[in-house]
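This report refers to the structure that appears directly beneath it.
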Amino acid sequence: MSGPAQNAGRPAGLFDARPVPGFSDIDWSRGWLAPLADRGTRWQQSALESYPAYLSTLNADARAEPRVTGRGKVLSFIAQDDLPAGASYEGHIAATGCVPTRHNLHDFFNGAMWFQYPRIKAALNARQATEIDALGIGPSRGAARDALTLFDENAILFACADPLLAAALRAFDWRAVFIGHRAAWGQACEAHIFGHALLEKLIAPYKACTGHAWIVEVEPAYFLAADAERRAILDLHVSDRLASEPVSSRCFTPLPVLGVPGWWQENEARSFYDDPHVFRPGRRRIGA
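In full-length UniProt numbering, the protein residues as written are 1 to 288.
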């Protein structure tokens, strides 16, 4: 599906003839999308039908599985045009529970995260609303809101039970992370994409696509739990940190998405990781 709704918010490049991905281009077999597939396929069909049908499906799920936004308001979804003039996006969500939602992939994945990680989304919304209350809306968001937005748009939750592996990731030691510790993936570490802009970009995957990893220390028993239980553990741990700790760009470390074992067939060859334009040496260490 393509058209004006799919191009909303996307600059028109004069020499960019690539088609803009739409709802029909979602491949639920991708490793990073598979956890969203059960709900996502229903939403996809509604989105392909019409904008009203899509919003209706999102709101039906919100009624069936109630969530709250940053200030305890019950979650619902509204058309983008229903956002009052002059209202801030995050402030409106916190104050009313209503998430302005466009008929495009970006907002599709944003909505999905409200169900996958409701506590994290609420914590981000609360922090954003507090920053807006304190500083207002200006030409720039400021460092704190920039970091919160970076999390919301591009974060990867990197669950890790091995401090050595976490240290290797922070040090940009790609061969250790993806080759030396390859057997640890699924046993001592794993990645979950949270950022909805990152999920949108990955509809048309490319090698250099990189997320911002937020390292979550977990116990080894975490990896014995079912997928839904692991997501709930991450949701609780990360939301607690977001509510209580300062957030800055230094809380993240880069993670090239297609390097994750099991997510891209080409990375089964060791030479995949030899590309210095993607797997770059770090200029500094980034703590989490």
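Note that beta-carbon positions come from the ideal geometry of N, C-alpha and C, so glycine has one too.
Small disclaimer: the values here were computed from a predicted structure and weren't measured.
Delimiting residues of the beta strand (DSSP E) encompassing residue i
i	result
F108	Per DSSP, F108 belongs to no beta strand (DSSP E); it is in the alpha helix (DSSP H), L105 to Q116.
V99	C98 to T101
G211	T210 to E217
A226	Note, A226: premise wrong, no beta strand (DSSP E); not H, not E.
T149	No beta strand (DSSP E) holds T149; the alpha helix (DSSP H) holding it covers A143 to N154.
T57	Element bounds for T57: not the beta strand (DSSP E) but the alpha helix (DSSP H), Y51 to A64.
T253	T253 to P256
A191	C189 to I193
CA nearest to the CA of residue i, picked from the options
i	options	result
H106	A147, R119, A129 and E153	E153
L157	W43, N59, Y117 and A47	Y117
P276	I193, D133, P100 and R175	R175
P246	A144, N110 and A112	A144
T183	F115, E268 and A37	The sequence shown places Ala at residue 183, rather than the Thr named in the question. Per the Cα distances, E268.
A53	F115, R30, A191 and H103	H103
Inter-residue Cα distance where the pair is residue i and residue j
i	j	result
R39	F23	14 Å
E217	A85	42 Å
R284	A167	Confidence at R284 is low in this model, with a pLDDT of 47, below 50, so the placement of that residue should be treated as unreliable; the coordinate-derived value is given next. Each residue's alpha carbon lies about 13 Å from the other.
R42	L198	21 Å
R270	I26	28 Å
S244	E131	14 Å
W263	Y273	14 Å
N59	F77	6 Å
T101	P220	38 Å
A79	L55	8 Å
Same chain, Cβ closer than 7 Å to residue i, neighbours up to 5 away in sequence not counted
i	result
I286	Any reading at I286 must be qualified, since the residue scores a pLDDT of 38, below 50, and its modelled position is unreliable; the value itself is stated next. Same-chain partners within the cutoff: R170, R250, F252 and T253.
residue 299	Any question about residue 299 goes unanswered here, given that the chain covers just 1 to 288.
Y222	A159, A161, R230 and I233
R63	none
Contact set for residue i: own chain, Cβ-Cβ below 6 Å, skip 5 residues either direction
i	result
V278	K207, A208 and P256
I120	D235, V238 and S239
A17	Bear in mind that a pLDDT of 48 at A17, under 50, signals an unreliable position, so the model cannot answer this.
Residues of its chain near residue i, where Cβ-Cβ distance is below 8 Å and the 5 sequence neighbours each way are ignored
i	result
H212	L150, F151, N154, A155, I156, G195, F252, T253, P254 and L255
K201	C209
G94	The sequence as given places Ala at residue 94; Gly does not occur at that position. Correct list, in chain order: T69, G70, R71, K73, N125, A126, Q128 and A129.
First and last residue of the uninterrupted alpha helix (DSSP H) at residue i
i	result
A79	A79 -> not in any alpha helix (DSSP H); beta strand (DSSP E) instead, spanning S76 to A79.
E200	H196 to K201
P163	P163 to R170
9 Å Cβ cutoff met for residue i and residue j
i	j	result
P261	W214	no
residue 289	F172	Any property of residue 289 remains undetermined from this structure, which presents the chain solely from 1 to 288.
L36	A122	no
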